[in-house]
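**Q** My structure is below; once you've seen it, I'll send some questions.
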Amino acid sequence: MGNNGINYIHPEFEVVRDQDKCIACRVCERQCANEVHYMDEDGVMRADNSKCVNCHRCVSLCPTGALKIVKSDHTFRPNGNWTPQIITELYRQAGSGGVLLSSMGNPTNLPVYWDRLLLNASQVTNPSIDPLREPMETVTFLGKKPKEIVRDEEGNIVNNQTPQIRLNTPIMFSAMSYGSISYNAHASLARAATELGICYNTGEGGLHEDFYQYGPNTIVQVASGRFGVHKAYLEAGCAVEIKIGQGAKPGIGGHLPGAKIVGDISRTRMIPEGSDAISPAPHHDIYSIEDLRQLVYSLKEATEYNKPVIVKIAAVHNVAAIASGVARSGADIIAIDGFRGGTGAAPTRIRDNVGIPIELALASVDSRLREEGIRDNVSVVVGGSIRSAADVVKAIALGADACYIGTAACLAMGCHLCRSCQEGKCNWGIATQRPELVKRLNPNIGSQRLVNLVNAWTHEIKEIMGGMGINSIESLRGNRLMLRGVGLNQKELEILGIKYAGE
Amino acid sequence: MKRVYVNEEWCLGCHLCEYQCAFANSGETDMVKALKGVKINPRIQVEEGDGVNFAVQCRHCEEPLCVKGCISGALSIKDGVIHLDENKCVGCYTCVLMCPYGAIMPGNGTAVQKCELCLNNSCGEPACVKGCPNAAIVYEER
Amino acid sequence: MMSQNILHKEGEVRIPSGCAISGIFSKSGKKVNGREIIKSIATMHDRSNGLGGGFAGYGIYPQYPDAYAFHVFYNDEDSKARCEKFLERHFDVINLSKIPTRKVAAITDEPLIWRYFVTPLHIKLMQSQLSEEEFTKRCVIHINTQLDGAYVFSSGKNMGVFKAVGFPEDVGEFYRLEEYDAYSWTAHGRYPTNTPGWWGGAHPFDLLGLSIVHNGEISSYDANRRYIEMFGYKCNLLTDTEVITYIIDYLANEKKLTMEEVASVIAAPFWSTIERMPQKQREQLTYLRNTFASLLITGPFSILVGFEGGMMALNDRLKLRSMVVGEKDDTDMVYIASEECAIRVIEPRVDRVWSPKGGEPVIVRLNPDAKV
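If you read the sequences in order, they're chains E, S and B.
Quick note: the first sequence uses this note's numbering, first residue 1, plus one each step.
Quick note: the second sequence uses this note's numbering, first residue 1001, plus one each step.
Quick note: the third sequence uses this note's numbering, first residue 2001, plus one each step.
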């Protein structure tokens, strides 16, 4: 009894069709899972704006370019405090009585620190290096560094290294579960990671049997729900990731509605079809840091100490101290996910208000681990809205070993950030399980676009490093002198450990 | 020889190939001008049903029944491509009846029409392949 | 501290610089007079700009072979008194004196320059539970970071660093280098791009006899600095030379890597080169490169590392700075310099002169029968 026949919600977008250009081929109608487009009885194409999520599928496929989507200029009386979004969301809740759900990363207008960091380049006193003519190295190892150099009787150094991940470039695809995204999306990620010599991450939904073949480039995740976790799964990948938290929704577990638990997903997750997959908010065997150590070693035992263990945490207020604890827990790698990290579904209020920016979290974690002399205990991987090669370079200069990209990877596969993943009707075949939609993502195309993206970024990383006179990625790592801040206050500079531009 | 193949696994049934085909063979340079208000008669046609879709056009068979059956010598094999000489076609439609794939159909005039891999129009490469959004139609050597 | 210049001194600002370097090494242990190294470095006058020059000589104090020779700059008598009090509390001071200098017109604003031959006090050493070297190293770092106005710029055994603001030939004249004979000399002429020049900031940079002269501007500086500072080092001068010294000290003295291994960490072969190597070598180099990833030095450098009984010359991996080596067989001498002219001027008849490849270390050591 919420609406009483009154429509409180005015459509956010308007489908604008140039009728002069429309040839009524109906591709828009056939491709819109939201059923926006239809042909009227006179053979003219029409649109129901209220259903449009602005995913651009119709725009991208229209052969004559007859379509565009614009933001409605319908307005409330302007109010700096009660913005249209706040009012609309309030109406929605007054109608439904429910928690608002959203997807993808935090879209709010909070500072993006990457954009306030500027990079250095060589001039006169040392030469920049031309990556087209000189070797430029991006090979990255993740894992612990040995504490002692041990020699055999002949004086040769004994390899006492714990298991490592070798990446051709310091970029990995972050955790997105099979279930939250489609079979074809997983196939694209797995194949691209293998071709690129990097890793993708199963997320918490288990690993489909078809993808065991990509094991050497797969990170298998163990989350609080333990979906799809068994011995063969743990042994299938090149590393095991314990997911404590995720940037989009720190403090709560993953949610996958029963409607998405169908067929192979149910089998892979090892739960009945149609049952909601609700991961507990905490791991119920980790209520403290010493418990984490036990889980880390349980997983190491289960994999006979052959796999590095990653602990993924969301960037929250006390992240440096937490990371310090994790670095002493036996974990080999810490993954930190910033507050802009994406998701297939999260409560809107949590997504938009919980957690801190990855830039600040990374800087304080790296500084803290160095102050405590334990930076070599772990590698640090960061995610949560790495948008470009420049962001990767800045992250590495702040101290990261590698970056996780999730949203960027989805974009490469076709995602248009309509932020409606939770509806399960992804027109691009990514965040959906409907077979007719899943087939829209051809992994031959998806994997090639991912490969292209990462190769393009790697070229750009090399160009930028060359400009700095650096020819190997390890000399960029933690090299904060290569960064300068603009538009930042003293405290921000201090946390980031950088100087102001001009200093 | 390179041929057009269809991977039905990836065909979305969007019918864009039909429009690309119609446009490519229209002789126009603007798709809107070519197809606005026109009921298209493409040489490729999407078959739909029960979750499986695929586009059908001339297979350029090695032993083509259409060529065998052609009474006027309008159909011939030219470098592996089955070529139609519209000037010779008398419109008897024997080929339409002979083709087991239904890939030859009456054209807009007297003559029949069929896919000639866009070799004879301004596109230069199969327009259906170029315009397919999901690589369901490919032009390759197999 | 020495001047009232408003510009920042080393340690307050990072100052990149280009330079000239030169080294003379006698494998037989025959002593070479200081005049020779002055002559060599003076030839490359145009590679310096008068804002720093210096020398390191090994084997110059045979009368005190087992004592650490501290060379110290003082701002004033107060800082001297404070430092001497500290030294007396921690060391047995065997001898102390002003370092003899002569007035040279081009050298001005000189600080007080003193020399102490010391050995750690037994009881203090026991209490510290440290090795003699580590104890001494920590004392030097303490003076340099905690005692305002005092700066230990040389602290090795039977060796000494002499440096100042000025052209190197004037610095040699000032320190009366002709009064010293060494089996190994290194020299440096500095061309900083932005500095008033501070005496302590000149090269060589020394830590307990591990001395470095360096020409270049490394691009990996902050990556190296932030890593090495995890292990108790404090980069106060913010110069490349300082951080390179600490890196080599850490790898060679803490991690006990050979000088060859040290070179393969700081100027590591490219992965593509490593992949082509025989398995055993490939594994070792992969291990070293991965383990000490943050100690890879990129950007242009040519360095001369002086250590007890030896010298290492090393270029960056791309050889972005000039450096040539000359050898003379009958005298068992090795000469290394930024330019060949600096070798020819003191030994016109070298048997071989070559340019080592980028990342390829040239390591010379005293012959086993050498006496120093």
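Even for Gly, the Cβ is constructed at its ideal location relative to N, Cα and C.
Identify the continuous alpha helix (DSSP H) that holds Val-296(E) and give its terminal residues.
**A** 289 to 302
**Q** With three or more beta-carbon pairs closer than 8 Å as the criterion, would you say the stretch 6 to 21 of chain E touches the stretch 391 to 408 of chain E?
**A** Flag = no, the stretch 6 to 21 of chain E and the stretch 391 to 408 of chain E do not touch.
**Q** In angstroms, rounded to a whole number, what distance separates the CA positions of Tyr-200(E) and Glu-29(E)?
**A** 34 Å
**Q** Is Thr-458(E) helix, strand or coil when you go by DSSP?
**A** helix
**Q** Mind listing, in chain order, the continuous beta strand (DSSP E) runs of no fewer than 3 residues lying wholly within the stretch 2110 to 2181 of chain B?
**A** 2112 to 2120, 2150 to 2154 and 2159 to 2164
**Q** Among Trp-2185(B), Gly-2189(B), Lys-2027(B) and Met-2126(B), which residue has its Cα nearest to the Cα of Arg-2047(B)?
**A** Gly-2189(B)
**Q** Between Ala-188(E) and chain B, is the shortest Cβ-Cβ distance under 9 Å, so that the two count as touching?
**A** Here residue 188(E) turns out to be Ser, not Ala, going by the sequence shown. No, Ser-188(E) lies away from the interface with chain B (no Cβ there is under 9 Å from its Cβ).
**Q** Is Thr-2043(B) helix, strand or coil when you go by DSSP?
**A** helix
**Q** Using a Cβ-Cβ cut-off of less than 9 Å, list which residues of the stretch 1007 to 1027 of chain S approach chain E; keep chain order.
**A** Only Asn-1007, Glu-1009, Trp-1010, Cys-1011, Leu-1012, Gly-1013, Cys-1014, His-1015, Leu-1016, Glu-1018, Tyr-1019, Gln-1020 and Phe-1023 from the stretch 1007 to 1027 of chain S bring a Cβ to less than 9 Å from some Cβ of chain E.
**Q** Select from the stretch 446 to 471 of chain E all residues with a C-beta closer than 7 Å to any C-beta belonging to chain B, and list them in chain order.
**A** Answer in chain order: Met-468, Gly-469, Ile-470 and Asn-471.
**Q** So which residues of chain E does Leu-2320(B) contact, with C-beta pairs closer than 7 Å?
**A** Pro-127
**Q** Using a Cβ cut-off of 8 Å, pull out every chain E residue sitting near Asp-2222(B), in sequence order please.
**A** Gly-478, Asn-479, Arg-480, Leu-481 and Met-482
**Q** Count the CB pairs spanning the stretch 1032 to 1043 of chain S and the stretch 417 to 426 of chain E that are closer than 8 Å, and state whether there are at least three.
**A** Contact between the stretch 1032 to 1043 of chain S and the stretch 417 to 426 of chain E is absent: fewer than 3 CB-CB pairs across the two stretches fall below 8 Å.
**Q** Does the Cβ-Cβ distance between Phe-2162(B) and His-2071(B) come in under 9 Å?
**A** yes
**Q** Output needed for Gly-215(E): all residues of its chain with C-beta closer than 6 Å, excluding positions within five of it in sequence on either side, in chain order.
**A** Ala-236 and Gly-237
**Q** Pull out every residue of the stretch 2228 to 2250 of chain B whose Cβ sits closer than 8 Å to any Cβ of chain E, in chain order.
**A** For the stretch 2228 to 2250 of chain B, the set of positions with a beta-carbon nearer than 8 Å to some beta-carbon of chain E reads Glu-2229, Met-2230 and Phe-2231 in chain order.
**Q** Give the straight-line distance between the Cα atoms of Ser-128(E) and Ile-242(E), rounded to the nearest whole angstrom.
**A** Their backbone Cα atoms lie some 41 Å apart in a straight line.
**Q** Measuring only the C-alpha atoms, how far is Leu-2007(B) from Ser-2219(B)?
**A** In this predicted model, Leu-2007(B) has a pLDDT of only 47, less than 50, meaning its place in the structure is not dependable; the value taken from the coordinates is given anyway. About 23 Å.
**Q** Hey, which unbroken runs of the beta strand (DSSP E) at 3 residues or more fall wholly within the stretch 192 to 279 of chain E?
**A** 218 to 222 and 239 to 243
**Q** My output table needs one value for Pro-84(E): the three-state DSSP class, helix, strand or coil.
**A** helix
**Q** What separation, rounded to the nearest whole angstrom, lies between the Cα atoms of Glu-1141(S) and Glu-1116(S)?
**A** 16 Å
**Q** If you measure from the beta carbon of Thr-64(E) to each beta carbon in chain S, is any gap under 9 Å?
**A** Chain S contact via Cβ: present.
**Q** In the DSSP assignment, find the alpha helix (DSSP H) that holds Met-482(E) and state where it starts and stops.
**A** Unbroken run through Met-482(E): none, as it is neither H nor E.
**Q** Starting from Lys-425(E), follow its DSSP beta bridges and name the residues at the other end.
**A** Thr-432(E)
**Q** With DSSP run on the structure shown, which of helix, strand or coil describes Ile-350(E)?
**A** In the displayed model, Ile-350(E) falls within a helix according to three-state DSSP.
**Q** Quick check: the stretch 328 to 339 of chain E against the stretch 382 to 399 of chain E, are there 3 or more CB pairs under 8 Å?
**A** yes
**Q** Strictly below 8 Å CB to CB, what residues from chain S border Leu-61(E)?
**A** Cys-1014, Leu-1016 and Pro-1133
**Q** Quick check on Ser-1076(S): does DSSP put it in helix, strand or coil?
**A** strand
**Q** Looking only at its own chain, which residues have a Cβ that is under 7 Å from the Cβ of Arg-480(E), when we skip the five neighbours before and after it?
**A** Ala-397, Leu-398, Gly-497 and Ile-498
**Q** So which residues on chain E does Ser-2355(B) lean against when the C-beta distance must stay under 8 Å?
**A** In chain order: nothing, as chain E lies at least about 18 Å away.
**Q** Check the DSSP bridge columns for Cys-403(E) and list the partner residues they point to.
**A** Ile-171(E) and Val-382(E)
**Q** Within 10 angstroms of the Cβ of Val-454(E), are there 16 or more other Cβ atoms? Answer buried if so, exposed if not.
**A** buried
**Q** The alpha helix (DSSP H) spanning Tyr-2221(B) covers which residue range?
**A** 2221 to 2228
**Q** What residue range does the alpha helix (DSSP H) around Val-2345(B) cover?
**A** For Val-2345(B), there is no enclosing alpha helix (DSSP H), as DSSP gives it neither H nor E.
**Q** Applying a beta-carbon distance threshold of less than 8 Å, which residues of chain E neighbour Gly-1051(S)?
**A** Per Cβ cutoff of 8 Å: Pro-435 and Glu-436.
**Q** Between which two residues does the alpha helix (DSSP H) containing Ala-2263(B) stretch?
**A** 2259 to 2266
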